[in-house]
Structure formats: structure tokens, C-alpha cells
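Residue numbers (my numbering), protein chains in the order written: chain A, 2 to 273; chain B, 600 to 923. The beta carbon of each residue, even a glycine, is placed where N, CA and C say it ideally should be. Just so it is clear, the structure is predicted and the values come from calculations on it, not from any experiment. Below: the structure, in C-alpha cells.
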């Protein structure tokens with residue numbers, strides 16, 4: 002293996018990962034900077050974190066973002082899972098091409114177009130811009146990402162398990178909840194997390210579809226960034242990164258534990 | 600005795616038949632619902648909005664709330680509809696063609712997106728190749744490390760570069776301290792900064808499809824070529840690259856299409872001097888409050904991207920078929 006994994010390969014990986022991670026590391030380091038100048042080190046301090054918690058506007062925006070994220074990710078996961086089932090299980094129905102088009106197009110569609118078109122829809126149906134409209138917009142965007150994640154798991158799903166359950170007299174609905182759902186659960190969970198972080202992250206679509214009283218955290222950060230780079234924003238960003246990183250680590254640890262448990266079960270079954 | 604066995608034997612099939620008919624009905628209903636719910640949602644929140652954008656792009660700007668004159672409103676009946684049809688205008692589109700600003704913005708956006716796609720491919724290919732050749736035990740960890748930045752906020756990752764690239768920023772400090780340069784480089788608020796931002800933000804989108812294509816590749820083909828006396832570079836171009844082509848195409852489309860309409864990167868890193876269509880649309884909407892013109896900008900942007908988007912869908916569908 003060493004012969005094929007040459008020095009060139011190792012160098013390109015190390016450089017690539019340095020490129021990916023260095024900016025984030027620097028951002029975190031300078032959030033602990035005593036000096037107000039973001040790029041000049043003036044000693045270690047956590048004062049920006051303290052002032053962050055006294056910034057009422059930022060705290061309000063965090064609360065709005067968390068609620069939008071939780072609601073939209075949950076609804077998007079249900080809709081996205083249904084869409085994934087449709088894509089993998091129903092290969093022939095009228096309008097399938099249109100359907101798969103509508104699932105895949107939002108993945109690459111420039112956000113300014115999606116944001117503008119959703120806003121014009123909300124205006125046309127007379128919906129006031131605010132919390133509800135941002136949530137609806139985020140559901141629409143993120144359900145497509147959930148659909149792709151769940152679909153790739155359904156692709157490798159062994160359908161004979163479902164057939165066995167049905168042969169044993171389980172109804173399709175029962176089969177779905179007792180067999181299919183538990184098997185695709187890891188994909189659904191990671192789909193939910195992806196939807197949640199996408200919603201947490203989105204600036205453009207939220208700016209178009211949000212109204213007074215529903216300013217999200219990225220909108221708040223963006224308006225402050227335009228006024229200049231401050232250590233306080235670095236601190237806010239660091240907290241956001243920490244929250245997401247902890248979530249991803251917990252999820253992957255849980256996944257690994259489940260995997261180990263499964264292997265142990267298999268070994269036990271083979272011995273027994 | 601015989602009649603008793605006959606009844607017990609005949610009973611289960613009877614209930615089974617009843618159950619399966621009911622089950623089939625349930626399955627049909629359940630299946631229909633599985634299709635209908637996401638279908639209707641996407642029709643209403645994805646497709647219909649585009650129709651509205653197109654409609655408003657044909658209307659006139661007005662000082663009102665919402666700031667446009669209604670176009671194609673069916674409430675007036677057939678005659679009202681016909682009267683409105685006469686009011687429809689392509690003014691917004693002729694306006695777009697007359698003002699060189701928009702044309703330049705479209706052209707620069709496409710060029711910037713194309714150049715940064717090539718740059719992302721050049722940066723991403725060695726990384727994906729190195730990952731695919733890595734020992735199988737550490738591959739999941741490497742994959743995780745590529746995906747992880749994707750989970751951290753896009754806005755934050757772009758923002759982090761401001762501190763690095765600005766004249767008194769970290770990069771200039773480093774280069775001045777080491778004596779490589781004597782004058783700080785002006786990178787922030789130039790097109791160079793936009794290229795750096797796009798390559799950085801979209802790198803995982805390029806690496807992941809490349810990696811999945813390269814990982815599937817049978818490495819013994821390269822060894823066979825080597826044994827037959829083929830030099831490594833021509834082995835790469837004759838074997839590795841063609842086999843990774845699906846990944847190259849998917850990665851390039853995943854970078855190019857969103858990059859054309861990118862707003863955050865040109866706005867934060869490109870400053871006011873650079874021109875990109877996503878930023879133009881944003882300003883037209885938020886600063887000038889000209890909804891019809893921003894709709895027209897969106898329609899043309901969509902027309903520009905329709906071919907790459909369809910290519911992307913075809914690639915997705917083909918990948919689906921291959922996995923089946």
C-alpha cells in the first residue's frame with residue numbers, strides 16, 4: 002500500500018487540508034484576542050464572548066435561527082424522505098421526470114433566484130413576510146438535500162426484507178414503520194442534521210423571505226460584517242462552529258457505536 | 600374429522616385473501632400519498648414561483664406595495680385578461696440589453712465561474728486522488744475531514760478570508776515578515792479574492808464526486824500499463840483521467856452552476872469594484888427596489904443556466920441507473 006500512496010499523494014492531502022482548515026483555525030484563534038484589531042495579537046482574552054451575551058440583537062437572532070432551523074429541518078426531513086421513497090420505489094408514474102427535476106434543481110440553483118422567486122410567491126398569495134415565510138422557504142430548499150441523502154441509502158436497501166415481512170402478513174404501512182424506517186434511520190438522521198445546518202447557515206434566501214422581527218443570525222452577522230470585522234463576530238462564529246462540530250461528533254460516535262454493536266451481534270449470532 | 604380439517608385448512612387462505620385485498624388498497628393509498636405530498640409541495644414552492652418571476656418580469660415598475668403593476672391577473676375575466684395582455688411589455692428585457700452594466704455582469708459572472716471551476720478542479724484532483732490511494736483504514740477519516748467544513752457556515756468561511764487577505768491582514772503580515780514582499784499585496788476587493796473564495800468554499804463539492812469516481816477505479820490497470828512500458832503521465836491521461844470523467848463532470852457542474860449566481864463571495868471579498876450578476880440582482884432588489892427588473896435579471900440568469908442544470912440532472916439520473 003505504501004508504494005501506491007506516494008509522497009506526492011501525502012503532500013497534496015496535507016496541503017489540501019491545511020487550505021481547508023487554516024482559515025477556520027485562524028478565525029477561532031483570533032476570537033480570543035484581547036486587541037480590538039482582529040489581525041494583531043494582543044494577548045488572550047474571553048471578553049468578546051462576554052460582550053456577545055450582552056448583545057440583545059444577536060441573542061434574539063440566535064433564538065429565531067434556532068426555531069426556524071428546528072421546525073424547517075423536521076418538516077423537510079419528512080417531505081424529503083417521502084420524495085426519496087418516490088424516487089427509488091415508484092419508477093413509473095406520470096410526471097416522474099418533472100418530479101426528479103424539481104428535487105435535483107434546487108441543489109444547484111443560485112440562491113438569489115430561489116430567494117427572489119419564493120418572495121414573489123409569498124407576496125402573490127398575500128402572506129406577510131416573517132417567521133413563517135423563512136421557515137417555508139427553508140423547508141423547500143433543504144427537503145431536496147434530505148431526499149438525496151435518504152435516496153442514496155434506499156438505493157442499497159435489501160428489499161427482500163420488506164417482501165419477507167409482507168409474506169408474513171404485515172401490512173405495507175406496518176412493514177414501512179417496522180422494517181424500512183429503522184434501516185434507513187441513520188440516513189434520515191444525517192439528512193435532518195444537514196437540513197438543520199443548511200438552515201442555520203443560509204443568508205441569501207432568508208434575506209429575501211424574512212420580514213421585520215424575524216432576523217436570522219446569518220443576516221445579523223452579515224450586517225455587522227459589512228460594518229467591519231470585529232472580534233465579537235469571530236466569537237459568534239466560533240460558538241456556531243463549536244455547536245455544529247459537537248453535533249457532528251456526537252452523531253458519528255453514535256453511528257460508530259451502532260456499527261460496533263451490530264458487528265458484535267453478528268459475531269454472537271455466528272457463534273450461537 | 601375430515602370436515603374439521605377442511606374448515607381449518609380453508610380458513611387461513613380466506614382471511615389471507617381478504618387481508619391482501621385490503622393491504623393492496625392500503626398500499627395503493629399509501630403509495631399515492633408518498634408521491635402526492637412532496638410533489639404538490641415542490642410544485643407550489645418551487646415551480647409556481649418561477650412562473651410568477653416570469654410574469655412579474657413582464658410587468659411595469661410602479662411606486663406601490665408591492666412595487667409593480669399587476670400583470671396577467673385572471674380576476675378580470677377574459678376581456679380583462681386580454682386588456683392586460685396588451686399592457687405586458689418586454690421593456691425590462693430591452694432595458695437589460697441597452698445597459699452595458701448587465702451584459703458585462705453576465706459575461707464576467709460566467710467567466711469567473713468557469714475559471715474558478717477549472718482552478719477548483721486543479722486543486723481538488725490531487726486531493727481526491729491522494730484520498731483514493733490512501734490506506735483503506737484511514738479513508739473514512741479523510742472523507743469526514745473533507746465533509747466537515749461543509750457543515751460549518753458558508754458565511755463564516757468566507758468571512759474568515761477577509762482577515763487573511765486584507766492589506767494589513769495575516770497573509771501580508773507573513774509575507775512582509777519573511778521578506779518575500781516589501782509592499783503589502785492588494786488582494787481583498789479584487790477578482791483574485793473572488794477566485795480564492797470560490798475555490799475555497801466549493802472545494803468539497805469538487806473533491807467528493809472525484810473521490811467516489813477514483814475510489815471505484817481498478818488500480819491494477821495502471822500497474823498493467825506500467826508493466827507494458829507506459830510512462831506514468833501518459834498512463835494518467837489514458838487511464839485514470841478518462842475513468843474519473845463522470846466525477847470530473849459532476850464536480851465541475853456542482854461548482855460552476857451555483858458560482859455563476861454567487862452573491863456572498865463577490866459581496867464580501869470582491870468589494871464594490873467587482874461585477875457579478877448575483878450581486879447585481881441583489882442590489883436591484885434591495886437597493887433600487889426594482890422588482891420587475893430583478894425578475895428579468897433572474898429569468899435571463901436561469902436561461903443561461905438551464906443547459907448546465909439539465910446536464911447535471913442527466914448526470915444524476917445516470918448515476919442512479921448505474922447504482923441500481
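> In chain order, what residues of the same chain lie with their CB nearer than 6 Å to the CB of residue 745/B, ignoring the 5 residues before and after it?
Replying inline: In the second chain, residue 745/B corresponds to position 146, counting from 1. Apart from the 5 residues on each side of it in sequence, residue 745/B sits with its Cβ closer than 6 Å to the Cβ of 803 and 806 in its chain, given in chain order.
>> Using only CA atoms, which one of 643/B, 633/B and 793/B lies nearest to residue 126/A?
In response: Taking the first residue of the first chain as 1, we reach residue 126/A at position 125. Among 643/B, 633/B and 793/B, the Cα nearest to that of residue 126/A belongs to 643/B.
>> Counting only Cβ pairs nearer than 7 Å, list the residues of chain B close to residue 84/A.
In response: To locate residue 84/A, count along the first chain from 1; it is residue 83. 637, listed in chain order.
> In chain E, which residues lie with their C-beta within 8 Å of the C-beta of residue 136/A?
Replying inline: Among the protein chains in the structure shown, which are A and B, there is no chain E.
> Using the beta-carbon count (16 or more within 10 Å), is residue 866/B buried or exposed?
Replying inline: What you label residue 866/B is simply residue 267 of the second chain in a count that begins at 1. Flag for residue 866/B reads buried.
> Excluding the five sequence neighbours on either side, which residues of its own chain have a C-beta within less than 6 Å of the C-beta of residue 261/A, listed in chain order?
Replying inline: Looking up residue 261/A in the first chain gives position 260. So the list is empty, once near-sequence residues are dropped.
>> If I measure Cβ to Cβ from residue 874/B and keep anything under 7 Å in the same chain, skipping five residues before and after, which residues do I get?
In response: Indexing the second chain from 1 puts residue 874/B at position 275. Taken in chain order, the residues that qualify are 703, 704 and 707.
> From residue 908/B to residue 752/B, what does the alpha carbon distance come to, in whole angstroms?
Replying inline: In the second chain, the residue the question calls residue 908/B occupies position 309. In the second chain, the residue the question calls residue 752/B occupies position 153. Residue 908/B and residue 752/B: Cα-Cα distance of roughly 25 Å.
> Grouping DSSP H, G and I as helix and E and B as strand, with all else coil, what is residue 45/A?
Replying inline: Walking along the first chain from the start, residue 45/A turns up at place 44. It is a strand residue.
> Where residue 245/A and residue 35/A are concerned, what is the direct C-alpha to C-alpha distance, given to the nearest angstrom?
Replying inline: Residue mapping note: residue 245/A aligns to position 244 of the first chain, counting from 1. Residue mapping note: residue 35/A aligns to position 34 of the first chain, counting from 1. Residue 245/A and residue 35/A: Cα-Cα distance of roughly 25 Å.
>> Suppose the cutoff is 8 Å on Cβ atoms and the five residues either side in sequence are ignored; what does the same chain contact list for residue 195/A look like?
In response: Taking the first residue of the first chain as position 1, residue 195/A is located at position 194. Closer than 8 Å at Cβ, skipping near neighbours: 143, 146, 147 and 150.
>> Against chain A, which members of the segment 853 to 881 of chain B pass a CB distance test of less than 8 Å?
In response: For the segment 853 to 881 of chain B, residues whose beta-carbon sits nearer than 8 Å to a beta-carbon of chain A comprise 853, 856, 857, 859, 860, 861, 862, 863, 867, 877, 880 and 881.
>> With DSSP as the reference, identify every bridge partner of residue 34/A, one or two as the case may be.
In response: Working through the first chain from its first residue, we reach residue 34/A at position 33. Residue pairing by DSSP places residue 34/A opposite 45/A in a beta bridge.
> Where residue 877/B and residue 267/A are concerned, what is the direct C-alpha to C-alpha distance, given to the nearest angstrom?
Replying inline: The sequence position of residue 877/B within the second chain is 278, counting from 1. The sequence position of residue 267/A within the first chain is 266, counting from 1. Computed Cα separation, rounded: 53 Å.
> Using a C-beta cutoff of 8 Å, does residue 796/B count as contacting chain A?
Replying inline: What you label residue 796/B is simply residue 197 of the second chain in a count that begins at 1. Not closer than 8 Å to any Cβ of chain A, the Cβ of residue 796/B fails to qualify, so no.
>> Checking 8 Å against the spacing of the C-beta atoms, do residue 760/B and residue 795/B come in under that value?
In response: Locating residue 760/B in the second chain gives position 161, counting from the first residue. Locating residue 795/B in the second chain gives position 196, counting from the first residue. At the C-beta level, residue 760/B and residue 795/B come within 8 Å of one another.
>> 8 Å is my cut-off, CB to CB: does residue 850/B come that close to chain A?
In response: In the second chain, residue 850/B corresponds to position 251, counting from 1. Not one chain A Cβ lies under 8 Å of residue 850/B.
>> Spatial neighbours of residue 253/A within its chain, please: C-beta separation below 6 Å, excluding the five flanking residues on both sides.
In response: Residue 253/A sits at position 252 when you count from the first residue of the first chain. Around residue 253/A: no qualifying Cβ.
> On the three-state DSSP scale, how would you describe residue 91/A?
Replying inline: Taking the first residue of the first chain as 1, we reach residue 91/A at position 90. Note: residue 91/A maps to coil in three-state DSSP.
> Once you ignore the five residues that flank residue 77/A on each side, which residues in its own chain have a CB closer than 6 Å to its CB?
Replying inline: Locating residue 77/A in the first chain gives position 76, where the first residue counts as 1. The beta carbon of residue 77/A sits closer than 6 Å to the beta carbons of 140, 143, 144, 147 and 196 from its chain, once the five residues preceding and following it are set aside; these are given in chain order.
> If you draw a straight line from the alpha carbon of residue 110/A to that of residue 701/B, how long is it in whole angstroms?
Replying inline: Numbered from its first residue, the first chain carries residue 110/A at position 109. Numbered from its first residue, the second chain carries residue 701/B at position 102. Cα atoms of residue 110/A and residue 701/B: separation of roughly 20 Å, rounded to the nearest angstrom.
>> Just checking: is the beta-carbon of residue 102/A within a distance shorter than 8 Å of some beta-carbon in chain B?
In response: Walking along the first chain from the start, residue 102/A turns up at place 101. At least one chain B Cβ lies under 8 Å of residue 102/A.
> Can at least three beta-carbon pairs, one atom from the segment 689 to 701 of chain B and one from the segment 823 to 843 of chain B, be found at a separation below 8 Å?
Replying inline: Contact fails: fewer than three Cβ-Cβ distances are below 8 Å.
> For the alpha helix (DSSP H) that contains residue 221/A, what are its first and last residues?
Replying inline: Along the first chain, one-based indexing puts residue 221/A at 220. Here the alpha helix (DSSP H) through residue 221/A covers 218 to 228.
>> Contact criterion: CB-CB distance below 8 Å. Does residue 912/B meet it with respect to chain A?
In response: To locate residue 912/B, count along the second chain from 1; it is residue 313. Taking 8 Å as the CB threshold, residue 912/B lines the interface with chain A.
> Between 781/B, 641/B and 656/B, which lies nearest to residue 766/B when the distance is taken from Cα to Cα?
Replying inline: As a working note, residue 766/B is residue 167 in the second chain. Residue 766/B has its Cα closest to that of 781/B, out of 781/B, 641/B and 656/B.
>> Please list, in chain order, the chain B residues whose beta carbon lies closer than 9 Å to that of residue 45/A.
In response: Locating residue 45/A in the first chain gives position 44, counting from the first residue. Those do not exist, as residue 45/A stays about 18 Å from chain B at its closest Cβ, beyond 9 Å.
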